[in-house]
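These notes concern the structure reproduced below.
Protein chains: 2
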Amino acid sequence: MPESRGNKRTEASIETDPYFFAIRAFCSRWKPFIIQGIRFDGKTRFSTFTKQLPISEKVLAVNLRELEADGIIQRKIFPEIPPRVEYTLTELGLSICPILDALYKWGWHEMKRRGLPIDPLGEMWHGYREREEASMKRPYK
Amino acid sequence: MPESRGNKRTEASIETDPYFFAIRAFCSRWKPFIIQGIRFDGKTRFSTFTKQLPISEKVLAVNLRELEADGIIQRKIFPEIPPRVEYTLTELGLSICPILDALYKWGWHEMKRRGLPIDPLGEMWHGYREREEASMKRPYK
DNA sequence: CAGTATCCTTAGGGATACTG
DNA sequence: CAGTATCCCTAAGGATACTG
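Respectively, the protein sequence lines represent chains L and R.
Numbering of the first sequence is given in my numbering, commencing with residue 766 and proceeding in unit increments.
Numbering of the second sequence is given in my numbering, commencing with residue 766 and proceeding in unit increments.
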């Protein structure tokens with residue numbers, strides 16, 4: 766095996782670019798929803814995510830580990846039986862929220878302009894629709 | 766084949782959410798760089814991208830088609846020999862730039878804080894480093 | 001409860017050759 | 001020049017079962 770596929774020299778330029786860094790850190794499929802979920806409740810438990818999102822336990826665990834490794838969320842373990850683990854946003858995690866809000870706002874306005882259907886629970890979370898606390902507790906299931 | 770893998774009902778909620786819409790529209794691996802490239806020159810040609818980015822022609826073409834379909838860029842064909850095609854940003858495309866700048870800024874500060882190496886050409890594009898016009902013309906090759 | 005472990009599928013990306 | 005067409009590979013995501 767003489768070399769891997771990609772051109773390492775040029776690849777490196779992309780992968781040391783802040784766009785790449787930021788997008789990898791919090792613009793994947795699930796991370797905005799996970800961050801939003803923590804933000805909504807202040808702190809969240811593992812099983813709360815699996816109730817709120819159509820995400821598998823494996824994928825959730827991977828995303829939580831990455832967010833923790835990137836310093837965006839914090840994991841606190843309470844030595845109880847049954848075990849309890851709480852996830853909160855760090856200062857860095859809080860600094861992402863305005864950007865996520867801007868992404869949401871852009872998408873919301875563009876979807877409205879095109880007449881596309883918009884998930885109402887996300888709208889409640891973001892203040893684009895009046896809140897119904899009951900349905901917000903179990904948004905996606 | 767009774768059903769596809771994913772749960773359609775819950776999938777739908779995610780896929781009608783503005784986060785998903787916005788991230789799909791311009792937070793993929795290449796789209797921020799493509800948008801930035803057009804923004805830098807005002808208008809750009811196909812071959813200019815392939816010189817500026819370590820991207821294959823196929824992937825570039827796919828991304829350009831998607832950006833055009835989403836109304837983010839405009840494609841103008843000049844009936845010449847050899848053919849000439851110019852890509853420009855639409856109003857919608859311009860509306861994305863502040864969000865991309867915020868993403869870049871967040872990534873830049875966080876990478877600095879961690880002492881990570883940052884691609885200098887991106888820094889020039891974004892005004893985080895003094896411009897050297899020569900090297901900015903062929904950034905990634 | 002809060003996860004691993006296993007196995008599988010698919011979308012995105014990439015190298016290269018070719019065409020109008 | 002501005003793309004297609006092919007073929008290939010990997011990473012991300014997902015369903016399900018199991019464990020401390």
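We treat Cβ as the ideally placed atom computed from N, Cα and C, and that holds for glycine.
As the structure is a computational prediction, the values presented were derived from the model and not from experiment.
Legend entry - C-beta atoms of Ile837 (chain L) and Phe791 (chain L) nearer than 9 Å: yes
Legend entry - Leu829 (chain L), enclosing alpha helix (DSSP H) - first and last residue: Glu822 to Ala834
Legend entry - Sequence-distant residues of its chain with Cβ nearer than 6 Å to Gln839 (chain L) (five each side left out): Thr853 and Thr855
Inset, instruction - Kindly indicate if chain L contains any beta-carbon less than 9 Å away from that of Tyr852 (chain R). - result: no
Legend entry - Three-way DSSP call (helix, strand, coil) for Tyr784 (chain L) in this model: helix
Inset, instruction - Consult DSSP for Thr855 (chain L) and reduce its assignment to one of helix, strand or coil. - result: coil
Inset, instruction - Please confirm if the region 817-827 of chain R is in contact with the region 803-811 of chain L, defined as three or more CB-CB distances below 8 Å between the two stretches. - result: no
Inset, instruction - State the start and end residues of the unbroken beta strand (DSSP E) segment that holds Arg810 (chain L). - result: Lys808 to Arg810
Inset, instruction - Might you give, ordered along the chain, the residues of its own chain that have their beta carbon closer than 6 Å to the beta carbon of Phe843 (chain L), omitting 5 neighbours on each side? - result: Arg849
Legend entry - Rounded separation between Arg879 (chain L) and His874 (chain R) - CA only: 35 Å
Inset, instruction - Would you tell me roughly how many angstroms separate the C-alpha atoms of Arg804 (chain R) and Met901 (chain L), rounded to the nearest one? - result: 40 Å
Inset, instruction - Return the bridge partner residues of Lys842 (chain R) from the DSSP annotation. - result: Here residue 842 (chain R) is Ile; the residue named in the question, Lys, does not match the sequence. Paired residue(s): R:Val850.
Inset, instruction - Starting from Trp795 (chain R), trace the alpha helix (DSSP H) both ways and give me its first and last residue. - result: Note, Trp795 (chain R): premise wrong, no alpha helix (DSSP H); not H, not E.
Inset, instruction - Sort R:Tyr893, R:Val827, R:Phe785 and R:Arg794 by Cα distance to Tyr784 (chain L) and report the nearest one. - result: R:Arg794
Legend entry - Range covered by the alpha helix (DSSP H) that runs through Glu888 (chain L): Pro885 to Trp890
Inset, instruction - Measure from the C-beta of Leu881 (chain R) to each C-beta in chain L and report whether the shortest distance is under 9 Å. - result: yes
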